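S.K.:
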Amino acid sequence: AQSVTQLGSHVSVSEGALVLLRCNYSSSVPPYLFWYVQYPNQGLQLLLKYTSAATLVKGINGFEAEFKKSETSFHLTKPSAHMSDAAEYFCAVRDRGSTLGRLYFGRGTQLTVWP
Amino acid sequence: GAGVSQTPSNKVTEKGKYVELRCDPISGHTALYWYRQSLGQGPEFLIYFQGTGAADDSGLPNDRFFAVRPEGSVSTLKIQRTERGDSAVYLCASSLAPGQGPDTQYFGPGTRLTVL
């Protein structure tokens, strides 16, 4: 089974600072990779996903993530944090080639943005 | 268009009772998923429907949990003899079809179940 590790359950940054949220996966075959954001009392919203094209993926709200096969990583970054970015972020993977579609999620990282 | 909707948004029940949670997917989405999110955890897969049939129910924790999707649209997650450990947010997601590549799953707002 897939395993997803998100290092750091809580990350705090100042407004305007770089945001870096870490995600590592376990499978030897690179899976499909996703980042979702969850605001309080709302459902998960897709930020971006990696399929098999460019390794640097741009998403919504200024976020981007880079797939690094050698490091089995898919870290999420944003150059300049906004107060509105405060939320919980989940990395998820899906087995490539599977038709079943289930996602495996990390435990999430709560992002706090200080003014 | 309308997103995934789930009802009720909150459900409080007593230990041992039966509950039903409803999910209304995005129109036209043939794939439907249920996940469970416990406090401080990421969502965990429960079951996946392709059309009316459960294509993968390997995530259901035990036989107290059951889900149906009789007409290939709305789905109901049913929990019998609820236990305090069932308390969690139950999330529903839908997508066009996973067989068409890394399709995006669209999530509903969830149902928060509290078992007293």
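Same order as they appear, the protein sequences are chains U and Y. Per this note's numbering, residue 1 is the first one in the first sequence, and the count goes up by one each step. Per this note's numbering, residue 1001 is the first one in the second sequence, and the count goes up by one each step. Where a beta carbon is used, it is the ideal one built from N, C-alpha and C, also for glycine. Keep in mind the model is a prediction, meaning the values are calculated, not measured.
Starting from residue 1005 (chain Y), trace the beta strand (DSSP E) both ways and give me its first and last residue.
M.R.: 1005 to 1007 is the span of the beta strand (DSSP E), which, as asked, contains residue 1005 (chain Y).
S.K.: In its own chain, which residues sit with a C-beta less than 6 angstroms from the C-beta of residue 1009 (chain Y), not counting the 5 before and 5 after it?
M.R.: Here the set comprises nothing.
S.K.: Since residue 1095 (chain Y) meets chain U, which of its residues come closer than 8 angstroms, beta carbon to beta carbon?
M.R.: What residue 1095 (chain Y) touches in chain U: 101.
S.K.: So, under 8 angstroms CB-CB, residue 90 (chain U) and residue 50 (chain U) are touching, yes? Tell me the CB distance rounded to an integer number of Å.
M.R.: In fact, because the Cβ distance is near 15 angstroms, the residues do not count as touching under 8 angstroms.
S.K.: Please determine if the segment 17 to 28 of chain U and the segment 60 to 75 of chain U are in contact, where contact requires at least 3 C-beta pairs separated by less than 8 angstroms.
M.R.: At 8 angstroms Cβ cutoff, the stretches touch.
S.K.: Please report whether the beta-carbon of residue 78 (chain U) lies at a distance below 8 angstroms from any beta-carbon of chain Y.
M.R.: No, its Cβ sits nowhere closer than 8 angstroms to a Cβ of chain Y.
S.K.: Please state if the CB of residue 1034 (chain Y) and the CB of residue 1077 (chain Y) are separated by a distance shorter than 8 angstroms.
M.R.: Their beta carbons are under 8 angstroms apart, which means residue 1077 (chain Y) touches residue 1034 (chain Y) by this criterion.
S.K.: For residue 1085 (chain Y), which option in Y:1039, Y:1007 and Y:1006 has the closest C-alpha, if you only look at C-alpha atoms?
M.R.: Per the Cα distances, Y:1039.
S.K.: For residue 32 (chain U), go through chain Y and note every residue whose CB falls closer than 7 angstroms to its CB, in chain order.
M.R.: Going along chain Y in sequence order, the residues near residue 32 (chain U) (Cβ under 7 angstroms) are 1102.
S.K.: Does the distance between the C-beta of residue 99 (chain U) and the nearest non-hydrogen atom of the ligand ADP fall short of 7 angstroms?
M.R.: Among the components modelled here there is no ligand, and therefore nothing to report on the ligand ADP.
S.K.: Pull out every residue of the segment 1038 to 1055 of chain Y whose Cβ sits closer than 8 angstroms to any Cβ of chain U, in chain order.
M.R.: Result list: 1040, 1041, 1042, 1043, 1044, 1045, 1048 and 1055.
S.K.: Is the CB of residue 59 (chain U) under 8 angstroms away from at least one CB in chain Y?
M.R.: It does not: the Cβ of residue 59 (chain U) has no partner Cβ on chain Y nearer than 8 angstroms.
S.K.: Specify whether the segment 76 to 84 of chain U and the segment 1013 to 1021 of chain Y touch according to this definition: at least 3 beta carbon pairs, one from each stretch, less than 8 angstroms apart.
M.R.: No, the segment 76 to 84 of chain U does not touch the segment 1013 to 1021 of chain Y.
S.K.: For the beta strand (DSSP E) containing residue 90 (chain U), name the first residue and the last one.
M.R.: First-last of the beta strand (DSSP E) with residue 90 (chain U): 87 to 94.
S.K.: From Y:1003, Y:1024, Y:1016 and Y:1004, pick the residue whose C-alpha is nearest to that of residue 1079 (chain Y); which is it?
M.R.: The candidate whose alpha carbon is nearest that of residue 1079 (chain Y) is Y:1016.
S.K.: On a CA-only basis, which of U:17, U:29 and U:13 is nearest residue 67 (chain U)? Give me that one, please.
M.R.: Among U:17, U:29 and U:13, the Cα nearest to that of residue 67 (chain U) belongs to U:29.
S.K.: Could you say which of U:95, U:43 and U:32 lies nearest to residue 65 (chain U) if we only look at CA atoms?
M.R.: Ranking U:95, U:43 and U:32 by Cα distance to residue 65 (chain U) puts U:32 first.
S.K.: Taking residue 106 (chain U) and residue 4 (chain U) to be in contact with their CB atoms under 8 angstroms, please state how far apart those CB atoms are, rounded to whole angstroms.
M.R.: Confirmed, about 4 angstroms.
S.K.: Can you name the start and end residues of the beta strand (DSSP E) that residue 64 (chain U) belongs to?
M.R.: Where residue 64 (chain U) is concerned, the enclosing beta strand (DSSP E) stretches over 64 to 68.
S.K.: Is residue 1075 (chain Y) near residue 1046 (chain Y), with beta carbons less than 8 angstroms apart?
M.R.: Going by C-beta atoms, residue 1075 (chain Y) is not nearer than 8 angstroms to residue 1046 (chain Y).
S.K.: Nearest chain Y C-beta to residue 42 (chain U) closer than 8 angstroms, yes or no?
M.R.: It does: the Cβ of residue 42 (chain U) has a partner Cβ on chain Y nearer than 8 angstroms.
S.K.: Under DSSP, the beta strand (DSSP E) around residue 1079 (chain Y) begins and ends at which residues?
M.R.: Element bounds for residue 1079 (chain Y): 1075 to 1079.
S.K.: Is the shortest distance between the beta-carbon of residue 63 (chain U) and the beta-carbons of chain Y less than 8 angstroms?
M.R.: Closer than 8 angstroms: no.
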